[in-house]
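Let me begin by presenting the structure, written as C-alpha cells, before commenting on it.
Numbering (full-length UniProt numbering), first residue to last: 1 to 867.
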C-alpha cells in the first residue's frame, strides 16, 4: 500500500481499515503491537469489522507513525478517519493523470482541509479525504478542473463495485474457484478414476520411471499451484503471525498442508529412484484441504457481510439528489439545480418539495410543512416544521415546500453520527470475549503439539506392533496412517470459531437494536444489560412526557399577572430546565411584548431553582429549599397551595421578589401513557423498580402511585441520585438508570447500565451506555430483552465452538478408530473447520429475526403508544 497522504491532521482518535486478518490471534497481535507504541492510550482491533480504533496523544505519536507501524506487521492498512471528521470523496477520472506525486504537489493538495489523496491508475479512480468544515466537494472538483484534471463523482453502484472488487468476499471467492480448477482433476484421478479398471491400468498406474506412476506425477503437478500460488495467502498470514510472536489459523493450515505435500514429494522422489518403493501420495489431501478452507473463508466473509445490514440500511436513508438554489452576488435567485447530494456544502440553500425526502441536515428558513421522522426516531408521526426548526436528512417531507439552510454535511450529519455510534458499539469488546482471547493465545501452539503427539503416538504403536496390521488400509503403511491422523488433528481445530463467537453476535445485536431505535454502545453494555435486576427511573422527561405546562397561577400580592410573568420570564429564559421553558411559554400568553428585560447576576442552584436581578428587583424562583436557603418566609397561603398542587401530582414553584414570596405556579407534566404498563412488565420479569427525582415528595408519590413504582427517592440532588445508585450496587444489585437530563448524568455514569432518553440532553446521551432514540419507555424492556437474547447467543456460540473442538480433535486423532475403523481424512477435517466458523456466524445471524416481547405488542393493541 502507498502512503495515501503527505499530511494528516493531528487527532486523539483515529480509525484504520485492516485487511488480511484471519482469526483472533491476528487481531490480538495487532492490538498488542499498537498498544505498546509510546503515546498510544488505547487500541482496539475488531476482527469481524476489520477496523482498528486507536486513541493516542498527538504530541507523542502521529497518525503516519501509527500507519507505518500497522503496515510493518504485514497487513494492508488504510486510514478511515481522524476524530470521525474526515469525509471521503470518490472521483472517476475523465482525463489521464500520470503520477500520484504530481497530484500531491499540485494546488489541490495545498487547499486547506485536504487530508489525503490517493490515485488508482488501474481503475482511473481518485480518492480524496477532506474536512467538511473547511472545504466542500464542489470546490475540490472545481480546483481539479482548473488544474487540467477532469473528474466526476463516482456513481454509487460503481463505488460499491470498486469497493467489492478488493473485498475479502471477492478475493476468497476468486481463490476458491481457481483452486477448484486444479482440485477437481486431482479429486477425480484419486477418488473416482482409480475405481475404473481401464483408466486405472491404462493411465494412473502406468510407470513414468521406476515406480513413479503417471497418476502420482499428474497429481503432483496439479497440486503445486494450489499449494504455493493459490495457498500463498496462508504462508503470508502465518508469516505475519510469526512477526507478531503469535500463532493463528494460517499456521495450522501451513503445517498441515506442507506435511501432506512434502511427504508426497518424498514419495515422488523415492518412487522415481527405486524399483521397490510403492507408497501412496497425499496430493489430494493438500489440494482438497486448501479448497475446502477457501470455501469456508468465502462463506464466513459472506456471512460477516450480512452482520452489518443495519449500517447499510442507514446509509441508504438519504436521497441521491438535492435541489440546490443558486443566487447571484446581489442575492437574487438565478436557478434551481438538481445535483448529487454529496456535492452539497455547508451554507447552501436547498429546496424540498412535497413528498420528497429531505436531502440534508439543516434549518428551515422559509416555508411550513409536516415531516415524517420515523426513519430516524422510529416514531410514526408527523412533526411540524417552520422557520428556524431543524430537519434531518433522510426524513420525508409532507405537503408543504421547505427551503433549508445546510448546517451539517458528510460525517457531521445525524445519520452519520448514528452510523458512527453503531460502528463504535461493534468495536467495543464484551468482557466475556477476554476468555476467548486468552484461549486463542495458546490454542494454535497447543493444537500443533497435539498433532505432533498424535503422529508420534500412532507411529510408535505401529512400529512396536501394538495394533493389528489389518488396521492399516491396504494403500498405506503405518507411517502414512500416523501422518494422516496428525494432519487431521492440526487441520480440524479452529480458533476462528472462538474469535467470531462474540463480535458477530455483538454486531448483529447492536444492528437489530439500532433498527428498533435502541442504540447499544458495544459489548460491555450488551453484557451488563442482561444482568440488570434493578431499574431506576428519573421522573421528569422519563416517566413523564417531559413537556410540562403551567396549569394554575396563584398570586399572593396585588402584583398584576403581566408584571408577575414579566419577571418570571426574564429570569427563567436563561435556564434550560423543562419547567423553566414551560413558564416562559406560558408567560407569552400574558405579555404583549415578547422581548423582556435582561437579567443580571443570574445564578442556578441545581435541584432547587434560580435567582436573578431584573430591573433592580431580586427575583428568586424555585422550591421550598431555595426559599429556606435565602431565609425567605413562606406564607401559609403559599404552603397550602403548594400542598394542594403536589397532592394532584403537579410541581409547584415559588416566586419571591425582594425577599417576599409573591406567587406560586403549579406546573403539570403528564405521565407517559405506556409508563405504568412498562413498569408492570419489568416487575413480572423479576426486576426491582425505583424512582429518583429532584421534585417534591408529594408530587413524586402521586406519579409513583400512578405508574406502580413502590420505592421512591424525592428531592434528590444529582450527586444524591448517584449515591443512591451506589447504595443499590453495594446491596448486590445490577442497576440500570433511565434518565434524560444533565442532572441525571452522574447517576447514568455510575450505574452498571445508563439508559438515556433520545430527546434528552446531549450530556446524558454521551454518558449513557444505551440511547433510547424513540424516547419511548417500551424500549427499556426491549433493550434488556435484546441484550439477554444476544448474550445467550454468545454463550451458545462459545458452547458450540468449544464443544466442536473438544469433540473434533479426539475424533481426528483416531479415538474412534480402534472400535469403529472410522477416521477423519485431512480434507474432511478442513471442511469441518470451515463449517464450524460458518455455523457460529450463522448462529449470530439468527438474531436478525429478533422480536420484542409479546407484552409490548399488547401495549399497541390497547392503544398505549407514545406519540
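Glycine included, every Cβ here is placed at the ideal spot set by N, Cα and C.
Because the structure is a prediction, the values reported are computed rather than measured.
message = With H, G and I counted as helix, E and B as strand and the rest as coil, what does DSSP make of residue 178?
response = In the structure shown, residue 178 adopts helical secondary structure according to DSSP, grouped into three states.
key: Beta-ladder partner(s) of residue 663, from DSSP   = DSSP links residue 663 through a beta bridge to 555 and 655.
ask   = Hey, is the segment 360-369 in contact with the segment 380-393, meaning 3+ C-beta pairs nearer than 8 Å?
value = Verdict: yes, contact present.
key: Simplified DSSP assignment, three categories, for residue 695   = Looking at residue 695 - three-state DSSP - the assignment turns out to be coil, as it is neither helix nor strand.
ask   = When the Cα of residue 482 is compared with those of 501, 457, 493 and 771, which residue comes out closest?
value = Of the candidates 501, 457, 493 and 771, the one whose C-alpha sits nearest the C-alpha of residue 482 is 457.
message = Quick check: the Cα distance between residue 84 and residue 327, rounded to an integer number of angstroms?
response = Note that residue 84 has pLDDT 49, beneath the 50 cutoff, so the model's placement of it is unreliable and the number below is only indicative. Computed Cα separation, rounded: 32 Å.
ask   = Three or more C-beta pairs closer than 8 Å, one from the segment 817-829 and one from the segment 844-855: is that the case here?
value = Output reads no: the segment 844-855 does not touch the segment 817-829.
ask   = My guess is that residue 668 and residue 551 are in contact by the Cβ rule of under 8 Å, so how many angstroms apart are they, rounded?
value = Their Cβ separation, rounded to whole angstroms, is 5 Å, which keeps residue 668 and residue 551 in contact under 8 Å.
Distance, residue 519 Cα to residue 344 Cα = Cα to Cα, the separation comes out at about 28 Å.
ask   = Taking C-alpha atoms, which residue in 188, 813 and 285 lies nearest to residue 227?
value = Taking only the C-alpha atoms, the option nearest residue 227 is 285.
query = What separation, rounded to the nearest whole angstrom, lies between the Cα atoms of residue 281 and residue 201?
reply = Computed Cα separation, rounded: 17 Å.
query = Which same chain residues, not among the five before or five after residue 165, have their C-beta less than 6 Å away from its C-beta?
reply = Here the model assigns residue 165 a pLDDT of 49, short of 50, so the residue's position is not dependable and the matter cannot be decided.
ask   = Quick one: what does DSSP say residue 14 is sitting in, helix, strand or coil?
value = Reduced to three states, the DSSP call for residue 14 is strand.
request  = Could you tell me the distance, in whole angstroms, from the CA atom of residue 683 to the CA atom of residue 689?
outcome  = Cα atoms of residue 683 and residue 689: separation of roughly 7 Å, rounded to the nearest angstrom.
request  = May I have the straight-line CA-CA distance separating residue 737 from residue 41, to the nearest angstrom?
outcome  = Put simply, the backbone Cα of residue 737 is about 29 Å away from that of residue 41.
task = Flag this pair as yes or no: are the beta carbons of residue 763 and residue 745 separated by less than 8 Å?
result = Residue 745 is positioned such that its CB atom lies closer than 8 Å to that of residue 763.
Other residues of its chain near residue 614: CB distance less than 7 Å, five sequence neighbours each side excluded = Non-local C-beta neighbours of residue 614 in its own chain, meaning closer than 7 Å and more than five positions away in sequence, comprise 567, 570, 571, 597 and 599, ordered along the chain.
task = Please confirm whether residue 39 and residue 16 have their CB atoms less than 8 Å apart.
result = No; because the gap between Cβ atoms is not below 8 Å, this pair is not in contact.
task = Report buried or exposed for residue 144, applying the criterion of at least 16 other Cβ atoms within 10 angstroms of its Cβ.
result = Residue 144 comes out buried.
ask   = Could you give the uninterrupted runs of the alpha helix (DSSP H) lying entirely in the segment 759-823, keeping only those of 4 residues or more?
value = Those alpha helix (DSSP H) runs which fall completely within the segment 759-823 and span 4+ residues are 762-767, 778-812 and 817-820.
message = Once DSSP output is grouped into helix, strand and coil, what is the label at residue 743?
response = Correct three-state label for residue 743: helix.
ask   = Enumerated in chain order, which unbroken segments of the beta strand (DSSP E) with a length of 3 residues or greater are wholly contained in the segment 473-541?
value = Correct list: 518-520 and 534-537.
ask   = Which partner residues of residue 366 appear in the DSSP bridge assignment?
value = Beta-bridge pairing by DSSP links residue 366 to 403.
task = Kindly indicate which residue of 34, 89, 187 and 727 has the alpha-carbon position closest to the one of residue 534.
result = The candidate whose alpha carbon is nearest that of residue 534 is 727.
ask   = In whole angstroms, what separates the C-alpha of residue 463 from that of residue 454?
value = One Cα belongs to residue 463, the other to residue 454, and the distance between them is close to 14 Å.
ask   = Which first and last residues belong to the beta strand (DSSP E) in which residue 125 is found?
value = Residue 125 -> beta strand (DSSP E) spans 125-131.
ask   = Quick check: the segment 786-796 against the segment 505-518, are there 3 or more CB pairs under 8 Å?
value = Yes, the segment 786-796 is in contact with the segment 505-518.
message = On the DSSP letters alone, give me the boundaries of the alpha helix (DSSP H) that residue 214 sits inside.
response = Unbroken alpha helix (DSSP H) run through residue 214: 214-225.
query = Is the segment 575-584 close to the segment 655-673, with three or more CB pairs under 8 Å?
reply = With a cut-off of 8 Å, the segment 655-673 and the segment 575-584 count as touching, because enough Cβ pairs lie within range.
inquiry  = Suppose you measure from the CA of residue 627 to the CA of residue 27; what does that come to, to the nearest Å?
reply    = Distance between the alpha carbons of residue 627 and residue 27: 60 Å.
query = Measuring CB to CB, does residue 879 end up less than 8 Å from residue 801?
reply = In this structure the chain extends from 1 to 867, so residue 879 is not present and cannot be described.
inquiry  = Restricting to Cα atoms, I'd like to know which of 612, 255 and 553 is closest to residue 444.
reply    = For residue 444, the nearest C-alpha among the options comes from 255.
inquiry  = Rounding to the nearest angstrom, what Cα-Cα distance links residue 847 and residue 325 in this structure?
reply    = Straight across, the Cα-Cα distance linking residue 847 with residue 325 is about 45 Å.
query = In terms of residue numbering, what span does the alpha helix (DSSP H) encompassing residue 583 cover?
reply = Where residue 583 is concerned, the enclosing alpha helix (DSSP H) starts and stops at 578-587.
message = Going by DSSP in three states, residue 837 sits in which element: helix, strand or coil?
response = Helix, per DSSP.
ask   = How is the beta strand (DSSP E) around residue 144 delimited, first residue to last?
value = Under the DSSP assignment, residue 144 falls outside any beta strand (DSSP E), being part of the alpha helix (DSSP H) whose first and last residues are 137-146.
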